[in-house]
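Have a look at the structure below, then the notes.
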Amino acid sequence: MTAMSVVSVCHARLASGVPTLYRIECTNGTISSILPDYPHSQPHTDVHAEGGLVIPSLAHAHLHLDKCSILDRSDLLTGDFSEALKVTNAAKAAFKDDPDDLYRRGERLVCESVQCGVTSIRAHVEVDEAVGLLCVETGLQLSAAFREVCDVQIAAFAQEPLFVGSSTEPGENYALLVRALDKHADRIKVVGSAPYVEPSIAQAKLNIGLVLDLAIKHHLHADFHLDYNLDPSSEPLIHTVISEAKRRAWPSELGIAIGHATRLQLFTPAEWEALGAAMESLPIKLIGLPQSDMYMMGRSAFDAPLGAPRGTLRVPQLASRHGIRVAMAVNNVQNAFTPQGSLDPLALCTLGVALFQSATPADLRELLRAVTLTAKQAVAEPRVHKDLTLAVGDPADLLVLHGTPDVATAVLNPGLDRTTIRAGVVVARRRVSRWIAGTR
Ligand SMILES: [Zn+2]
Numbered sequence: 001m002t003a004m005s006v007v008s009v010c011h012a013r014l015a016s017g018v019p020t021l022y023r024i025e026c027t028n029g030t031i032s033s034i035l036p037d038y039p040h041s042q043p044h045t046d047v048h049a050e051g052g053l054v055i056p057s058l059a060h061a062h063l064h065l066d067k068c069s070i071l072d073r074s075d076l077l078t079g080d081f082s083e084a085l086k087v088t089n090a091a092k093a094a095f096k097d098d099p100d101d102l103y104r105r106g107e108r109l110v111c112e113s114v115q116c117g118v119t120s121i122r123a124h125v126e127v128d129e130a131v132g133l134l135c136v137e138t139g140l141q142l143s144a145a146f147r148e149v150c151d152v153q154i155a156a157f158a159q160e161p162l163f164v165g166s167s168t169e170p171g172e173n174y175a176l177l178v179r180a181l182d183k184h185a186d187r188i189k190v191v192g193s194a195p196y197v198e199p200s201i202a203q204a205k206l207n208i209g210l211v212l213d214l215a216i217k218h219h220l221h222a223d224f225h226l227d228y229n230l231d232p233s234s235e236p237l238i239h240t241v242i243s244e245a246k247r248r249a250w251p252s253e254l255g256i257a258i259g260h261a262t263r264l265q266l267f268t269p270a271e272w273e274a275l276g277a278a279m280e281s282l283p284i285k286l287i288g289l290p291q292s293d294m295y296m297m298g299r300s301a302f303d304a305p306l307g308a309p310r311g312t313l314r315v316p317q318l319a320s321r322h323g324i325r326v327a328m329a330v331n332n333v334q335n336a337f338t339p340q341g342s343l344d345p346l347a348l349c350t351l352g353v354a355l356f357q358s359a360t361p362a363d364l365r366e367l368l369r370a371v372t373l374t375a376k377q378a379v380a381e382p383r384v385h386k387d388l389t390l391a392v393g394d395p396a397d398l399l400v401l402h403g404t405p406d407v408a409t410a411v412l413n414p415g416l417d418r419t420t421i422r423a424g425v426v427v428a429r430r431r432v433s434r435w436i437a438g439t440r
């Protein structure tokens, strides 16, 4: 930062629940003062919160940058997972014919995210024989283009199998992942895979080992799409991640994120306690992806009396009963894996109230944490607030929810009028225009 940056927010409320209005001053990227404000004071400030809540900014802990907004080119007949893989692969094969389209879809995703209040994104971009390094290199361009408004961490991600047939020697998709990292390891922050796509469990375990080795070699965070099923007979591979990471004396500064993990929903309380203890010495964070999980999981129970089960990590219950804090993320936007939903992380909180059947004050806070503080911890974001209630010395990465007075409203029915502040600078505003006939 070259010159001193100062921004102030007036008529603001904090997540403490105290109804006092505050004036929040930010200097050089940090909250420098929080003082009582007065309802009728003249706002000589940059941002007028209109009595709205100011909280830590939002994060997308898990977002696919390259395969967003392609539903219009995906013909769905069954809607199941294998069809989603198939139609998405067909769409991906055409990315190289129109690189501008790939860039523009990603650009719109980041812009709209920042307008929602997001200042930190872990963006998965695929590497395989269909797309080569095109998605990684487009992602790196977008990350650089948005450097001043949002931290876009690029995760080089193998959605496709690293092994071919029954071979235990990694194939061309692995070779491409290695090439992407050799070429761009200085700018790629994360390496990831989806071990469940491998032809066998043995190969899925080898996939995990290969990705952990690449992460250590290039000093990257690791990120797995894992245990994406509700099958009680399937072996939970999170145990393999834990044992393989420990075997490698995993460096504590590198995070390990695990997305989906729906299979863990079948754990007994004793299994959760054992998992919590096993993870304790490792920087592992779970990320629930409820919009995708609910759309895709449990389809075999379609004709059962109550239909498909709730197939997504129970965020508030895991925190209150087992002390395991789980992040929530949007995952996909408008594609065959997740056709529905917006890219607003706060929409996940609203969905979570019904999914997890709780609107207690403690659980509402936990849901809000899942898309702010816990989400940032899951992606090893260096600037994380200590609590939802802001304090002097916190990073000035903030979301102003104009007219949304408290945490309950922010979760149950969040307003659309927002201002996003990142590193003490206003980076986005979103104001809804309203009009109704017959009024002045
Ligand atoms: Zn994903």
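In terms of the UniProt record's numbering, the sequence shown is residues 1 to 440. For each residue, glycine too, the CB sits at the ideal point set by N, CA and C.
Practice prompt. Check the C-beta distance from V127 over to A90 and give it rounded, since I have them as a contact under 8 angstroms.
Written response: Incorrect: roughly 18 angstroms between the Cβ atoms, too far for contact.
Worksheet entry | Local conformation of V152 per DSSP, three classes | DSSP places V152 within a strand segment (E or B) once states are collapsed to three.
Discussion item. Quick check on V6: does DSSP put it in helix, strand or coil?
Written reply: Looking at V6 - three-state DSSP - the assignment turns out to be strand.
Item to complete: Give me the Cα-Cα distance between S234 and Q265, rounded to the nearest whole angstrom.
Response: 12 angstroms
Discussion item. Tell me whether A229, by its Cβ, gets closer than 7 angstroms to a heavy atom of ligand 1.
Written reply: Looking at the sequence itself, residue 229 is Asn, so the reference to Ala does not match. No, the beta carbon of N229 sits no closer than 7 angstroms to any heavy atom of ligand 1.
Discussion item. With three or more beta-carbon pairs closer than 8 angstroms as the criterion, would you say the region 308-316 touches the region 272-283?
Written reply: Segments in contact, no.
Discussion item. Between the alpha carbons of A145 and D66, how many angstroms are there, rounded?
Written reply: 16 angstroms
Fill in: Endpoints, the beta strand (DSSP E) within which K285 is located
It spans I284 to G288 - the beta strand (DSSP E) in which K285 sits, taken as one unbroken run.
Practice prompt. Can you tell me which of the three DSSP states S320 falls into?
Written response: helix
Discussion item. I'd like to know whether the C-beta atoms of F95 and C68 end up nearer to each other than 8 angstroms.
Written reply: Judged by beta-carbon spacing, C68 lies beyond the 8 angstroms limit of F95, meaning their Cβ atoms are not closer than that value.
Worksheet entry | DSSP three-state assignment for P251, whether helix, strand or coil | The answer is coil: DSSP assigns P251 none of H, G, I, E or B.
Worksheet item: In chain order, what residues of the same chain have a beta carbon less than 6 angstroms from the beta carbon of M296, not counting five sequence neighbours either side?
Response: F81
Worksheet item: Can you tell me whether DSSP reads N335 as helix, strand or coil?
Response: strand
Worksheet item: Can you pull the DSSP bridge partners for V425?
Response: R422
Worksheet item: Rounded to whole angstroms, how far is the Cβ of V427 from the Cβ of T420, which I believe are closer than 8 angstroms?
Response: 5 angstroms
Fill in: Closer than 7 angstroms: N207 CB and nearest ligand 1 heavy atom
Checking the Cβ of N207 against ligand 1 gives no.
Worksheet item: Tell me which same chain residues have a C-beta within less than 6 angstroms of the C-beta of E172, skipping the five on either side of it?
Response: E129
Worksheet item: Any chance the region 288-308 sits against the region 234-245, with 3 or more Cβ pairs inside 8 angstroms?
Response: no
Discussion item. Whole angstroms are fine: how far does the CA of K285 sit from the CA of A327?
Written reply: 8 angstroms
Item to complete: Kindly indicate which three-state DSSP category H225 falls into: helix, strand or coil?
Response: Looking at H225 - three-state DSSP - the assignment turns out to be strand.
Worksheet item: Just reading off the alpha helix (DSSP H) that C111 is part of, what are its end residues?
Response: P99 to C116
Discussion item. Using a Cβ-Cβ cutoff of less than 7 angstroms, which residues in the same chain neighbour H260 once the five nearest sequence positions on both sides are dropped?
Written reply: H225, L226, D227, Y228, L289 and D293
Worksheet entry | Heavy atom of ligand 1 within 7 angstroms of H64 beta-carbon | yes
Worksheet item: Candidates I188, A202, F337 and D417: which alpha carbon is nearest L220's?
Response: Answer by Cα proximity: I188.
Item to complete: Classify D101 as buried or exposed, calling it buried when 16 or more other Cβ atoms lie within 10 Å of its own Cβ.
Response: Looking at its Cβ environment, which holds fewer than 16 other Cβ atoms inside 10 Å, D101 is exposed.
Practice prompt. Can you grab the Cα-Cα spacing for the pair T119 / P345, in whole Å?
Written response: 12 angstroms
Fill in: Nearest to G255 (by Cα), restricted to the options V241, L390 and S166
Among V241, L390 and S166, the Cα nearest to that of G255 belongs to V241.
Worksheet item: Who are C135's beta bridge partners in DSSP?
Response: According to DSSP, which records beta bridges pairwise, C135 is partnered with nothing at all.
Worksheet item: For ligand 1, any of its heavy atoms closer than 7 angstroms to the Cβ of N335?
Response: no
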